[in-house]
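Structure, as structure tokens:
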Amino acid sequence: MTATYTWDIFCSLDGYGSHHGDWGGYWGKQGPELLEHRLAQYSDDVRMVFGATTYREFVQMLDPDPEKAGTEDPWVKRMRAAPMTVVSSSLEEPLDWPDATVAHGDGVDIVARLKEESDVPLRSHGSLSLNWALMSAGLVDRLQVTVFPVITGTTGDDPILGGAGDFDLDLLESRTLDGRTLELVYRPTPH
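The sequence shown begins at 6 in this note's numbering and counts up one residue at a time.
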């Protein structure tokens, strides 16, 4: 049986995945319902898949010191504890992340193999260029977009779908969290 692959991404209403402004994490719009929902999404076993850039960003953002690990959101701690494959041509093991391995080669080939071999669902957070290629290859089963109620026209960085191809989207799920943040889950199909 083929494992399900979910690409999970956060963005502003205008489609930016990050910002260089003074908003803070989650654009300052996280609430208890969002954080509880995120924690529930990581309650079952999962294998994470990151590209090298996202891996480096997470390592820089998250403190590896176990004494300070309590400062992370509980869902981030669970994500960090999950086994991970980092698709990279530049990184070498050992990585500064628990249970992480580097896979060298073409990301499409690597993820196709992981989907066939994995006993647990695969999940990626961020990793834009990797996931654009995976969507184009038809390997992304679920595109989960969490839209925060902000417009970052001046400070927005990294348009989440700026390098993706053309896709038709079938809406599988939608929910509003904390009365303001939308989570939309689609099945993407190359157009």
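Glycine included, each C-beta is placed from N, C-alpha and C at the ideal position. Since this is a predicted model, take the numbers as computed values, not measurements.
Asked                                                                                                                                                       : Found
Among 95, 183, 91 and 165, which has the Cα closest to the Cα of residue 15?                                                                                : 165
Quick one: give me the first and last residue of the alpha helix (DSSP H) that residue 13 is part of.                                                       : Unbroken run through residue 13 is the beta strand (DSSP E), 10-17; no alpha helix (DSSP H).
In chain order, what residues of the same chain lie with their CB nearer than 6 Å to the CB of residue 56, ignoring the 5 residues before and after it?     : 92, 132 and 135
To the nearest whole angstrom, what separates the beta carbons of residue 116 and residue 54, a pair I think is in contact under 8 Å?                       : 6 Å
Candidates 23, 63, 77 and 188: which alpha carbon is nearest residue 177's?                                                                                 : 188
Can you give, in chain order, each stretch of the alpha helix (DSSP H) that sits fully within the segment 132-169 and has at least 4 residues?              : 133-141
Cα separation between residue 108 and residue 87?                                                                                                           : 16 Å
Could you give the residue range of the beta strand (DSSP E) that holds residue 188?                                                                        : 186-195
Assuming residue 163 and residue 21 form a contact by the criterion Cβ under 8 Å, report the distance between their Cβ atoms to the nearest whole angstrom. : 6 Å
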